[in-house]
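Asker: Following my numbering, the numbering of the sequence shown begins with 284 at its first residue and continues without gaps. Even glycine gets a Cβ: it sits at the ideal position worked out from N, Cα and C. Note that this is a predicted model, so its numbers are computed, not measured.
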Amino acid sequence: MTTSLQHLLDANAEWATAQVDRDPEFFKRLENQQSPEYFWIGCSDSRVPANTIVNLQPGEVFVHRNVANQVFHGDLNCQSATQFAVEILKVKHIIVCGHYGCSGVRIAMRGDRVGLADAWVRPIHQLARHHGLVPAEGSDEKPCLDALCELNVIEQVKRLSESTLIEDAWDRGQDLTIHGWIYSLKDGLVRNLNMSVAGRDTIEPVYTNAVNELKKRYR
Ligand code: ZN
284 MTTSLQHLLD
294 ANAEWATAQV
304 DRDPEFFKRL
314 ENQQSPEYFW
324 IGCSDSRVPA
334 NTIVNLQPGE
344 VFVHRNVANQ
354 VFHGDLNCQS
364 ATQFAVEILK
374 VKHIIVCGHY
384 GCSGVRIAMR
394 GDRVGLADAW
404 VRPIHQLARH
414 HGLVPAEGSD
424 EKPCLDALCE
434 LNVIEQVKRL
444 SESTLIEDAW
454 DRGQDLTIHG
464 WIYSLKDGLV
474 RNLNMSVAGR
484 DTIEPVYTNA
494 VNELKKRYR
């Protein structure tokens, strides 16, 4: 038996009508061109929708999401979205936004086996071990998980900053900054992880500082 999901189609029709009531040119404008200033790399988690949490309208943010907001140089999906954002749309800011309580990060931290996602989050497992972010047997895992969710964002910003796509953009003199943020499901607030990189020379010092700040927070 199929379900038509008519309630979603009805909701869509209502939304489209309301948009036109507020701004009659809204769709006409967007149909011709999108010119977002921001590219968002976030987690697929349904509770962290990019547009909603930073209150941006359609057309204002270009989005790529995957489990645990990962950036891999060999991931054609993420890399092609990044290339489009940087070279065609010429966004000025890339935001890597993680969130506390991320299931992907938790799986990695615990070393749980859930299926295909195990391989996807394996680098976070290694990251946790490298930085000693493994909760002691029987202890509260929350501080460890919070720290690892933050560190995961910091690592992805670093990795993205070191990609050839981004290096090329900076070498061309393109104005582009990559930021690391984390979202709290508890209060809906985004925290800046002070991992903002605007050029090749600043990657290492900004990274070192961000990791040191994190270690102080969770000492
Ligand atoms: Zn997540």
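(1) Near G415, what residues of its chain come up, given a Cβ to Cβ distance below 8 Å and the 5 sequence neighbours on each side ignored?
(2) How would you label T365, buried or exposed, when you count the other beta carbons within 10 angstroms and need 16 or more for buried?
(3) Can you tell me the Cα-Cα spacing of A430 and D358, whole angstroms?
(4) Touching or not, the region 383-393 and the region 403-417, by the rule of three or more beta carbon pairs under 8 Å?
(5) Given a cut-off of 9 Å on the beta-carbon distance, is the pair A294 and F310 in contact?
(6) With DSSP as the reference, identify every bridge partner of C326, one or two as the case may be.
(7) Who are the Cβ neighbours of A368 in its own chain at under 6 Å, not counting the five residues just before and after it?
(8) Which residues bound the beta strand (DSSP E) around V417?
(9) If you draw a straight line from the alpha carbon of S422 to that of L443, how long is it in whole angstroms?
(10) Using the Cα positions of I449 and Q289, report the straight-line distance between them to the nearest angstrom.
(11) Below 9 Å between beta carbons: does that hold for P468 and V331?
(12) Given 8 Å as the limit, tell me if G381 has its C-beta closer than that to any heavy atom belonging to the ligand ZN.
(13) Candidates V337, D484, D304: which alpha carbon is nearest R474's?
(14) Can you tell me where the beta strand (DSSP E) with I461 in it begins and where it stops?
(15) Which residues bound the beta strand (DSSP E) around H376?
Answerer: The short version:
(1) On the sequence shown, position 132 is the one that residue 415 refers to. Excluding positions up to five away in sequence, the list is empty.
(2) For the purposes of this step, residue 365 is taken as the residue at position 82 of the sequence shown. By the 10 Å Cβ count, T365 comes out buried.
(3) Residue numbering aside, residue 430 sits at position 147 when the sequence shown is read from its first letter. Residue numbering aside, residue 358 sits at position 75 when the sequence shown is read from its first letter. So the two alpha carbons sit approximately 25 Å from each other.
(4) yes
(5) As a working note, residue 294 is residue 11 in the sequence shown. As a working note, residue 310 is residue 27 in the sequence shown. Their beta carbons are not under 9 Å apart, which means A294 does not touch F310 by this criterion.
(6) Here residue 326 corresponds to residue number 43 of the sequence shown, with the count starting at 1. Paired residue(s): N349.
(7) Locating residue 368 in the sequence shown gives position 85, counting from the first residue. Within the same chain, A368 has close Cβ partners F322, F345, V374.
(8) Locating residue 417 in the sequence shown gives position 134, where the first residue counts as 1. Neither: V417 is in no beta strand (DSSP E) and is coded neither H nor E.
(9) Start at 1 with the first residue of the sequence shown, and residue 422 comes out as number 139. Start at 1 with the first residue of the sequence shown, and residue 443 comes out as number 160. Near 34 Å, if we compare the C-alpha coordinates of L443 and S422.
(10) Here residue 449 refers to the residue found at position 166 of the sequence shown. Here residue 289 refers to the residue found at position 6 of the sequence shown. So the alpha carbons of these two residues sit roughly 43 Å apart.
(11) Residue 468 sits at position 185 when you count from the first residue of the sequence shown. Residue 331 sits at position 48 when you count from the first residue of the sequence shown. The question names Pro, but residue 468 in the sequence shown is Leu. At a Cβ-Cβ threshold of 9 Å, L468 and V331 count as neighbours.
(12) Within the sequence shown, numbered from 1, the residue matching residue 381 stands at position 98. At least one heavy atom of the ligand ZN is nearer than 8 Å to the Cβ of G381, so yes.
(13) Locating residue 474 in the sequence shown gives position 191, counting from the first residue. Taking only the C-alpha atoms, the option nearest R474 is V337.
(14) The residue labelled residue 461 in the question sits at position 178 within the sequence shown. Taken as a continuous stretch (DSSP letters only), the beta strand (DSSP E) holding I461 covers 460-466.
(15) For the purposes of this step, residue 376 is taken as residue 93 along the sequence shown, with counting starting at 1. Following the DSSP letters along the chain, one finds H376 inside the beta strand (DSSP E) bounded by residues 376-382.
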